[in-house]
Structure formats: C-alpha cells, structure tokens
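The opening position of the sequence shown corresponds to residue 78 in the working numbering, with each subsequent residue numbered one higher.
Idealized CB from N, CA, C, for every residue including glycine.
This report concerns only the one structure given below.
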Amino acid sequence: MNLFVDEALRAEEHPGVVFRAGPTGRRAGLAGGPDVWRD
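Following this line, the structure appears as structure tokens:
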C-alpha cells in the first residue's frame with residue numbers, strides 16, 4: 078500500500094510520469110513514452 082502512496086506523491090510532483098510493472102519490478106516512465114531513471 079505504501080508503494081502506491083509513494084508513486085502517487087511522485088506523480089503529483091512530476092506530471093506526465095507514470096509507474097509501470099516490468100521484469101525487474103515497478104519503474105517510472107513518461108506517459109506514452111520511454112522509461113526514466115535517476116542516478
């Protein structure tokens with residue numbers, strides 16, 4: 078449950094960013110575009 082709250086707060090700060098399931102877990106991506114990550 079905390080995961081979804083965290084994702085919702087991040088998405089609110091960064092419009093256009095969505096979270097998707099992937100082979101290595103959930104990851105951020107641009108809506109209708111590629112994945113994004115941070116160092």
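Secondary structure at Val82, three-state DSSP: helix, strand or coil? In this structure, Val82 counts as helix in the three-state DSSP scheme.
What is the DSSP secondary structure of Ala98, counted as helix, strand or coil? If DSSP states are grouped into helix, strand and coil, Ala98 belongs with the strands.
Spell out the partners DSSP gives Ala105 in its beta bridges. Ala105 is bridged by DSSP to Phe96.
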